[in-house]
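Peer 1: Just so we're aligned, residue 1 is where the sequence shown starts under the UniProt record's numbering, counting upward by one.
From the three backbone atoms N, C-alpha and C, an ideal C-beta is built for every residue, glycine too.
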Amino acid sequence: MLLVREVRALAGNLQKEDFLRQVGPFVLVRRPPDPIVERLALRLGAHRTRVARSPASSKMLMAELLQHLDDLGVATLPPIRGSEELQIGRLPDNDLVVDDPSVSKRHAVLRWDALARRCMLTDMGSRNGTLINAEYIRDANALVSDGDMLSFGDAEFCFLETLSLLSMLHTAHYA
């Protein structure tokens, strides 16, 4: 997993097309623990904080976090051709290893369909469930949209299309 500062440097050194090819069609940005979000909100002058649950509020939260927290983890994909999948879990042979006791060994799978430009999320029978925007996945395959908050057990990530991430990094750089 890369850090925001590393992704920002990569974005600054590559042309847009090369960055998209290098990073893949989407990223998962690890949401920091609530105390960090609350400290950031206080530092920015907010009077109260609330958990972002809609894609729009998640994207706004991530834009703020990307601007102020260079140590956030950003999971990128290996080069993808056609339909590929990203396995998520605690075991080291997963594509995205989440070192959290609430995450199952083989927790979930994200499947990217390059032709349709969409991503589907499947829970793999995890003990603590998989959520999209605080709602448990009910169907075998759930559609994931830009800005959705994905929870694997207690670990939360914001799903961002790479163009959205690039825009946020560019905005944060000039803010």
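1. Are the CB atoms of E85 and V109 within a distance shorter than 8 Å?
2. Within the same chain, show all residues whose beta-carbon is closer than 6 Å to that of V144, passing over the 5 residues directly before and after it, in chain order.
3. Classify S104 as helix, strand or coil using the three-state DSSP reduction.
4. Measuring only the C-alpha atoms, how far is A155 from L10?
5. Residue range of the alpha helix (DSSP H) that A75 falls in?
6. Under the three-state reduction of DSSP, which class applies to V144: helix, strand or coil?
7. Measure the alpha-carbon distance for R117 versus R31 and round it to whole angstroms.
8. What's the gap between the Cα of E135 and the Cα of H107?
9. Kindly indicate the opening and closing residues of the beta strand (DSSP E) around A155.
10. Have a look at S164 and F157 and give me their C-alpha separation to the nearest angstrom.
11. Beta carbon of V29, beta carbon of L72: below 8 Å?
12. Among D70, T162, G24, G89, which has the Cα closest to the Cα of G125?
13. Quick one: is P25 buried, meaning 16 or more other Cβ sit within 10 Å of its Cβ, or exposed?
14. Determine, for A114, whether the minimum Cβ-Cβ distance to residues of chain C falls below 8 Å.
Peer 2: In short, the structure shows the following:
1. Mapped onto the sequence shown, residue 109 falls at position 109. Mapped onto the sequence shown, residue 85 falls at position 85. Going by C-beta atoms, V109 is nearer than 8 Å to E85.
2. Residue mapping note: residue 144 aligns to position 144 of the sequence shown, counting from 1. These residues qualify, in order along the chain: C119, L121, F159.
3. Here the question's residue 104 lines up with position 104 in the sequence shown. Of the three classes helix, strand and coil, the one that applies to S104 here is coil, per DSSP.
4. On the sequence shown, position 155 is the one that residue 155 refers to. On the sequence shown, position 10 is the one that residue 10 refers to. Computed Cα separation, rounded: 26 Å.
5. Mapped onto the sequence shown, residue 75 falls at position 75. First-last for A75: 73-75, but that is the beta strand (DSSP E), not the alpha helix (DSSP H).
6. On the sequence shown, position 144 is the one that residue 144 refers to. Residue state, collapsed to three classes: strand.
7. Working through the sequence shown from its first residue, we reach residue 117 at position 117. Working through the sequence shown from its first residue, we reach residue 31 at position 31. Computed Cα separation, rounded: 24 Å.
8. Counted from its first residue, the sequence shown places residue 135 at position 135. Counted from its first residue, the sequence shown places residue 107 at position 107. About 16 Å.
9. Locating residue 155 in the sequence shown gives position 155, where the first residue counts as 1. Here the beta strand (DSSP E) through A155 covers 155-161.
10. Taking the first residue of the sequence shown as 1, we reach residue 164 at position 164. Taking the first residue of the sequence shown as 1, we reach residue 157 at position 157. The straight-line gap from Cα to Cα measures roughly 15 Å.
11. To locate residue 29, count along the sequence shown from 1; it is residue 29. To locate residue 72, count along the sequence shown from 1; it is residue 72. Yes, the Cβ-Cβ distance between V29 and L72 is below 8 Å.
12. Along the sequence shown, one-based indexing puts residue 125 at 125. Of the listed residues, the one whose Cα sits closest to G125 is G89.
13. Taking the sequence shown and counting its residues from 1, one reaches residue 25 at position 25. Classification of P25: buried, given that the 10 Å Cβ count is 16 or more.
14. As a matter of chain content, chain C is missing from the structure shown, which is built from one protein chain.
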